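Colleague:
Residue numbers (my numbering), protein chains in the order written: chain A, 4 to 495; chain B, 215 to 641.
See below:
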C-alpha cells in the first residue's frame, strides 16, 4: 500500500528548439532614445554575426508553459522528504528569497563606491561574525563559491602557512570514507593523497594515523561527523598528533548540521574548515547551486586568507587589498553575496538557541529513522549516529536487490532516494539524512516505505529491480549516454 | 519519538561526545527574530547602499533588464529546492533545462560542447587553463593583460600550485587590443594556452583569429574569455578558439554585489572528455522514451577522486536556469536587438567623451577622465566609470564606462556635461 502518492498525468513537452517557429518572440524592448548604429560599420563586417542559428523562437506563454511543464517532472524539498545523506536537504525559508531580492542589495554593483556599499558590507561582516561564533574559529572568508571551492581555499591556506615556515610538505591524509572532492582538491593544490583507513567502529584510527604521519604530511582532511554520520571521538587526539608533527587539521564542514551549539570545531583542534551555506544554512540547492563554501580559520592562518578582506576604518567598512601574505583571490569580487544574504536571514530567524535546536532535532530525526529501519536493513556500523545513518544492502543482495534498486523503488513510494553507494567503505550503502525540518508524519511514511520495500525485496525482487514504475520515464540508460554522448541538440 | 529511540531527551544523543569537545555555553547569537524583523533588517541594509542611483559601471558586472519571467520560473519550488539531478527519473525537468542550456551556449559561442556551468567567469578561466594543460601536456600559459584583472588574480592563485607559470602579454597602447609582438614573445615551447578576452576588459574587440594562428603555430590552444554575454548577440563567435570560458551575469542575473553568477566552459568535440564539471546527455529509458541524465561522470571527483578533471561539485545550476529563461525570452531575434541597443547607447555616450583607445568596442569603453568627474556625477545620483589606476598604473587618468539598454539618454548627456565642465576646470 502506497500512502504518500498516487499517479496523475504530467504534460509532455518538446525541447525549445523543436517547438520554435520563425518570428515568434516573447520580449518587447523600448524604442531607442539614441540614434541606431550600424553594427557592421562600428564593429567590422568580419566581427559581426547575422544570426544565432537554432536559437529559440517562442512566445511568452509558450516559454512559461515550457518551464512550468518541465518543473513538474522534478522532485523537490517542497514536495516532501529528500533524505540525501551529507546533502542536508532542509526546508528553504522563503523570506531568504525575499530579502535577497531587495533592490539595494540585488542591484549593488561590486565596484560602486564603498561609501555607497556599507549595507552590503555590513551583511558580510555580520555573517562572518556569526559563522566564527558557530564554528569557534577566529576569522572567516566568504569568497569561495561552493564546498569544493572552500576546500581548495583551505588547503591553499595550509600550504601557504607551511611554506612560510620553510616547507609546504608534499602529502595530505584523507580518510577512505571522505567525499570525492577532498582528494580531488588536494591534488589540485599540488599534494599527493594518502588514504587513511577507518577502523571497525567507522572512525579514523589514531594508532594507524600515527603510523602515517611523518614530516612530509601537510594536513589531514577530516569530516566530522564523518560520512557515516559518526562523530570522530578521537578528534582531539588526532589534532594533537598532527600538530605535534607540525601538520594541520582541515575539517570538511558538510555535516555541521550535527554540531551547531553543541560542539565547535575551533574548540576541538581544527585549524581550518569550510561550511556549506547551501546545506546547513538553508540557502536553496537550486538543482545544483549556487552555494557558498565559507572558510573559517584559526588566527595563525588569518594572514593568508584570500584578498580582499573586510576591515573597519573611520568611515565604516572598507576592503583591505594590502594583504602581502594572502594566497590571492579564489574568485572575482567578494563571493556569492546573494547566498550570503540568505544564510544570514536563516541565522537571524533561528538565533543562537534556535540553531542548537536545529541540531538536536536533526540528530533526533536521524536516530528515529535508524531505530525503525534497523530491523529490516543491515546497519553499517554500530557507533552512535549523529545527523544521518548509514545502512548496507547486505540482506537485500541475497535476493538480487541492491541499494540502487531500493532507491529507485522509493520513488514509487513518493520519496526522493537517499544517497546511494556512498560512502565507498560500506558495501551497497544507503546513506539517510532526514534533517530537522521533517515532521514525524513524514518520517513515518518513509519508514513505512522502507519496510514495504524490504518485504518486496524478499517476495517480489523483480518489482524492486525494475523500479521505478510510476514515473514519467523508466530507468534511464546511463551506459549508452556515456558511450555515445549527445550533449546538445542539433537539427535533424 | 524519543521513546522510540530510547532516550529521555535529545541531549542524551550527544552523551558519547568526549567532554572536551562540548560547548558548555549558549552560542553568542541573538535569539530568533520574526520574518517582519528580518525583512526590516535587510531593508535597512539595502538603504545603506546605492539605492536609486544610475550607474555606468561595467567591468564584468552589467546592468541589464531582467525579464519578469526569470524569477517566475526559478521561484518554482521544483527548480529552487531540488538537488543535483543524480536521480534522473525524478529530475527530468532540471536535466532537460541543462541540456537546453548546453545547446544554447554552443549556439552562442560556436563551440560543440558546453558544460552545465562553472562558479563564475573568473574561476572558469583557470579551469580552462588546467584543461589546456591536460590536453597539451604543457605547463605554461600566456595571458593578455587586457583580461579582467581579477580574473588574472584568480588564475595566478590556481596556477601557482599547478607548478605552472603564467606570462602576461601587453595590450597595444593605441588600439587597446592585443599587442601581437608582445604575445609572440610571451609564447614558449611549453605554452599550453594563450588566453584573451573579447570584448576585452577595456571593451575592445580582439582579433581572435590572429591570436589563434599564433597559438596554434606554437602548438598551444587558444582560450577566449567573455564577460559581457550580450555581446554574443551581435559579435561573430570565437570559432577559432579551442576553449571558450565566460560569464553569464548579463543574462538576467542581478549584480548582487558580485554574485552569485554563472560561468561556462565550451569547447570542441574532440576535447569533450577533458571538460571539467557536469554534463547532461540525451539517452533513452527502458520504455524507449527520450530521457536525459548526467553523463561522462568518470571525469568527475565523485568517481575519479584525486584523478578527476576538476574538484568542482556544486555549480551554479539555478543561475544557469536564469540564463536559460533569459535566452528563451529574448530568443533568436531578441538577443540581437538587445545587443544592437547596447551598441547604440554605448556609441552615443562614447561620442561625447574623450576616448583613450582607437579600436572597435561593444558597450564598454575607456575615457580620459579627471578624478573629479565621479564626485560631480555622484552629486547627480550617477555612479560614473571605474577608475583604472588601481589595475593599470599607466591608465591612472582613465576610467572604464559601460552603457546598456538600461542607460537613458538624459543621464548620458549629464555625464557628457560634467565631463565638459571638469575638463574645462582641469585646463
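Backbone N, C-alpha and C define an ideal beta-carbon position, used for all residues, glycine too.
Owing to the predicted nature of the structure, the values given are computational and were not obtained by experimental measurement.
Considering residue 215 of chain B, what are the terminal residues of the alpha helix (DSSP H) in which it resides?
Modeller: From DSSP, residue 215 of chain B is part of no alpha helix (DSSP H); its letter is neither H nor E.
Colleague: Mapping the DSSP letters down to three states, classify residue 315 of chain A as helix, strand or coil.
Modeller: Strand, per DSSP.
Colleague: With 7 Å set as the bound, which would you pick, yes or no: does the beta-carbon of residue 228 of chain B sit closer than that to a beta-carbon of chain A?
Modeller: Closer than 7 Å: yes.
Colleague: Based on Cα-Cα distance, which residue from B:433, B:372 and B:310 lies nearest to residue 339 of chain B?
Modeller: If we check each option's Cα against that of residue 339 of chain B, B:372 comes out closest.
Colleague: Do residue 466 of chain B and residue 284 of chain B count as a contact pair if the criterion is CB distance below 7 Å?
Modeller: Yes, the pair counts as a contact, with Cβ atoms nearer than the cut-off.
Colleague: Counting only Cβ pairs nearer than 8 Å, list the residues of chain A close to residue 286 of chain B.
Modeller: Result: 67.
Colleague: Would a C-beta distance cut-off of 7 Å place residue 331 of chain A and residue 367 of chain B closer than the cut-off?
Modeller: Cβ atoms of residue 331 of chain A and residue 367 of chain B: closer than 7 Å.
Colleague: What separation, rounded to the nearest whole angstrom, lies between the Cα atoms of residue 702 of chain B and residue 307 of chain B?
Modeller: With chain B covering only 215 through 641, there is no way to say anything about residue 702 of chain B.
Colleague: Does the Cβ of residue 122 of chain A have 16 or more other Cβ atoms within 10 Å, making it buried, or fewer, making it exposed?
Modeller: Buried, because 16 or more other Cβ atoms sit within 10 Å of the Cβ of residue 122 of chain A.
Colleague: May I have a chain-ordered list of the beta strand (DSSP E) segments no shorter than 3 residues that lie completely inside the region 267-326 of chain A?
Modeller: Qualifying beta strand (DSSP E) stretches, in chain order: 275-277, 298-300, 312-316 and 319-323.
Colleague: Alpha carbon to alpha carbon, what distance is there between residue 264 of chain A and residue 240 of chain B?
Modeller: Cα-Cα distance, rounded: 7 Å.
Colleague: Establish whether the CB of residue 574 of chain B and some CB of chain A are separated by less than 7 Å.
Modeller: Yes, residue 574 of chain B lies at the interface with chain A (some Cβ there is under 7 Å from its Cβ).
Colleague: Under three-state DSSP, which class holds residue 615 of chain B?
Modeller: Here residue 615 of chain B sits in strand by DSSP.
Colleague: Quick one: which unbroken beta strand (DSSP E) runs of 3-plus residues sit fully inside the region 403-448 of chain A? Chain order, please.
Modeller: Complete beta strand (DSSP E) runs here, min 3: 432-435.
Colleague: Measure the C-alpha to C-alpha separation of residue 569 of chain B and residue 388 of chain B and round it to an integer number of angstroms.
Modeller: So the two alpha carbons sit approximately 11 Å from each other.
Colleague: Taking residue 436 of chain B and residue 421 of chain B to be in contact with their CB atoms under 8 Å, please state how far apart those CB atoms are, rounded to whole angstroms.
Modeller: With a Cβ gap of about 11 Å, residue 436 of chain B and residue 421 of chain B do not count as contacting.
Colleague: Return no unless some Cβ of chain B is closer than 7 Å to the Cβ of residue 453 of chain A.
Modeller: Chain B, which has no Cβ nearer than 7 Å to the Cβ of residue 453 of chain A, makes this no.
Colleague: Could one say the Cβ of residue 354 of chain A lies closer than 7 Å to chain B's Cβ atoms, at least one of them?
Modeller: Cβ-Cβ to chain B under 7 Å: yes for residue 354 of chain A.
Colleague: Smallest Cα separation from residue 251 of chain B: which of A:352, A:311 and A:480?
Modeller: That would be A:352, whose Cα lies nearest to the Cα of residue 251 of chain B.
Colleague: Suppose contacts are defined by Cβ-Cβ distances below 7 Å. Is residue 437 of chain A in contact with residue 12 of chain A by that definition?
Modeller: It is not a contact, given that the beta carbons lie outside the stated cut-off.
Colleague: For the region 215-223 of chain B against the region 44-62 of chain A, do three or more pairs of beta-carbon atoms, one drawn from each stretch, fall closer than 8 Å, so that the two count as touching?
Modeller: In short, these stretches do not touch, since the Cβ pair count stays below three.
Colleague: Whole angstroms is fine: what's the gap from residue 250 of chain A's alpha carbon to residue 220 of chain A's?
Modeller: Using only the alpha carbons, I get a separation of about 6 Å.
Colleague: At what residue ranges does the region 283-348 of chain B contain a whole run of the alpha helix (DSSP H), taking only runs of 4 or more?
Modeller: List check, alpha helix (DSSP H) in window: 291-294 and 306-323.
Colleague: What's the gap between the Cα of residue 375 of chain A and the Cα of residue 83 of chain A?
Modeller: Between residue 375 of chain A and residue 83 of chain A, the C-alpha separation is close to 19 Å.
Colleague: Indicate the three-state DSSP secondary structure (helix, strand or coil) for residue 14 of chain A in the structure shown.
Modeller: In this structure, residue 14 of chain A counts as coil in the three-state DSSP scheme.
Colleague: Do residue 253 of chain A and residue 222 of chain A have their CB atoms nearer than 7 Å?
Modeller: Cβ distance < 7 Å, so residue 253 of chain A and residue 222 of chain A count as in contact.
Colleague: What are the boundary residues of the alpha helix (DSSP H) that includes residue 555 of chain B?
Modeller: Element bounds for residue 555 of chain B: 531-564.
Colleague: Could you check where the alpha helix (DSSP H) with residue 2 of chain A kicks off and where it finishes?
Modeller: Chain A is shown from 4 up to 495; residue 2 of chain A falls before or after that span and cannot be answered.
Colleague: Please report the straight-line C-alpha distance between residue 296 of chain B and residue 288 of chain A, rounded to a whole angstrom.
Modeller: For residue 296 of chain B and residue 288 of chain A, the distance between alpha carbons rounds to 6 Å.
Colleague: So, do the region 22-35 of chain A and the region 65-80 of chain A have three or more beta carbon pairs nearer to each other than 8 Å?
Modeller: Flag = yes, the region 22-35 of chain A and the region 65-80 of chain A touch.
Colleague: Relative to chain A, which residues along the region 220-244 of chain B have a C-beta separation below 9 Å, given in chain order?
Modeller: Hits within the stretch, in order: 220, 221, 223, 224, 225, 227, 228, 229, 230, 231, 232, 234, 235, 236, 237, 240, 241, 242, 243 and 244.
Colleague: Classify residue 559 of chain B as buried or exposed, calling it buried when 16 or more other Cβ atoms lie within 10 Å of its own Cβ.
Modeller: With 16 or more other Cβ atoms within 10 Å, it is buried.
Colleague: From the beta carbon of residue 370 of chain B, is the nearest beta carbon of chain A less than 7 Å away?
Modeller: Judged by the 7 Å Cβ criterion, residue 370 of chain B is in contact with chain A.
Colleague: For residue 281 of chain B, count neighbouring Cβ atoms within 10 angstroms of its own Cβ and tell me buried if that reaches 16, exposed if not.
Modeller: Flag for residue 281 of chain B reads buried.
Colleague: At the level of alpha carbons, what is the spacing between residue 53 of chain A and residue 546 of chain B?
Modeller: Between residue 53 of chain A and residue 546 of chain B, the C-alpha separation is close to 10 Å.
Colleague: Candidates A:312, A:317, A:439 and A:325: which alpha carbon is nearest residue 360 of chain A's?
Modeller: Here the closest residue by C-alpha is A:439.
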